[in-house]
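Under this note's numbering, the first residue of the sequence shown is numbered 100, with each subsequent residue one higher. First up is the structure itself, then whatever we jot down about it.
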Amino acid sequence: MKKVLLLGLNIFIIVFLTGCFTLTPIISLAQVDEIEIVILETFPVQVQVIAKGNLPDPCTEISKIIQEREGNDFSITIKTYRPPGFCIQVLTPFEEIIDLEVSGLPAGIYTVDVNGITDTFEL
């Protein structure tokens, strides 16, 4: 009986220490690996950013996308949420299409930063 309890305790400790189990929700930034900027052939012009990356596990989800602009620089923050509990640790790919707020902007070169990955486009 002691061996079974000891084995169970060891398994719990291993699972807990490897990150497969959390006691509280985790809010973090999404791991973005690449972005693509697409200028749609519409009037008025529309610009989309396609962000691709990986979530740390299938329990983590995109929770919020925040878009800010200062001058010619767009800053996009993609946040994630992981609920408490057990979850297998396997990378889970994601793709988010984000419409940039470009209505009324003058012609020029603009920079887009999504969680540290940057690219430029020209209006």
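Glycine residues also receive a C-beta, built at the ideal position from the N, C-alpha and C atoms.
(message) Tell me the DSSP secondary structure of N171 in three-state form.
(response) It is coil, neither helix nor strand.
(message) Would I164 and I216 be called neighbours here (beta carbons separated by less than 8 Å)?
(response) For the 8 Å CB-CB criterion, I164 and I216 do not form a contact.
(request) Identify whether T141 lies in helix, strand or coil by the three-state DSSP scheme. (result) In the three-state DSSP reduction, T141 falls in the coil class, being neither helix nor strand.
(request) With DSSP collapsed to three states, give me the class of V201. (result) V201: coil per DSSP, three-state reduction.
(message) How far does the beta strand (DSSP E) with I126 in it extend, from its first residue to its last?
(response) First-last of the beta strand (DSSP E) with I126: 125-128.
(message) Considering only DSSP beta bridges, list what L154 is partnered with.
(response) Bridge partners of L154: T191.
(request) Find out if the Cβ-Cβ distance for the pair R168, E200 is shorter than 8 Å. (result) Cβ atoms of R168 and E200: closer than 8 Å.
(request) Mark I208 as exposed unless 16 or more other C-beta atoms lie within 10 angstroms of its C-beta, in which case mark it buried. (result) Exposed.
(request) Could you work out which residue in N153, G203, P124, L204 is closest to T191 when comparing CA atoms only? (result) T191 has its Cα closest to that of N153, out of N153, G203, P124, L204.
(message) At the level of alpha carbons, what is the spacing between F115 and I126?
(response) Note that F115 scores a pLDDT of 49, beneath 50, so its modelled location is shaky; the value from the coordinates is reported in the next line. Cα-Cα distance, rounded: 18 Å.
(message) Output needed for I113: all residues of its chain with C-beta closer than 6 Å, excluding positions within five of it in sequence on either side, in chain order.
(response) The predicted model places I113 with a pLDDT of 48, which falls under 50 and marks its position as unreliable; any figure quoted below should be read in that light. Result list for I113: empty, nothing under 6 Å.
(message) On the CB-based measure, 16 or more other CB atoms within 10 Å of its CB, does V237 come out buried or exposed?
(response) One cannot answer for residue 237 here, as it falls past the ends of the chain, which runs 100 to 222.
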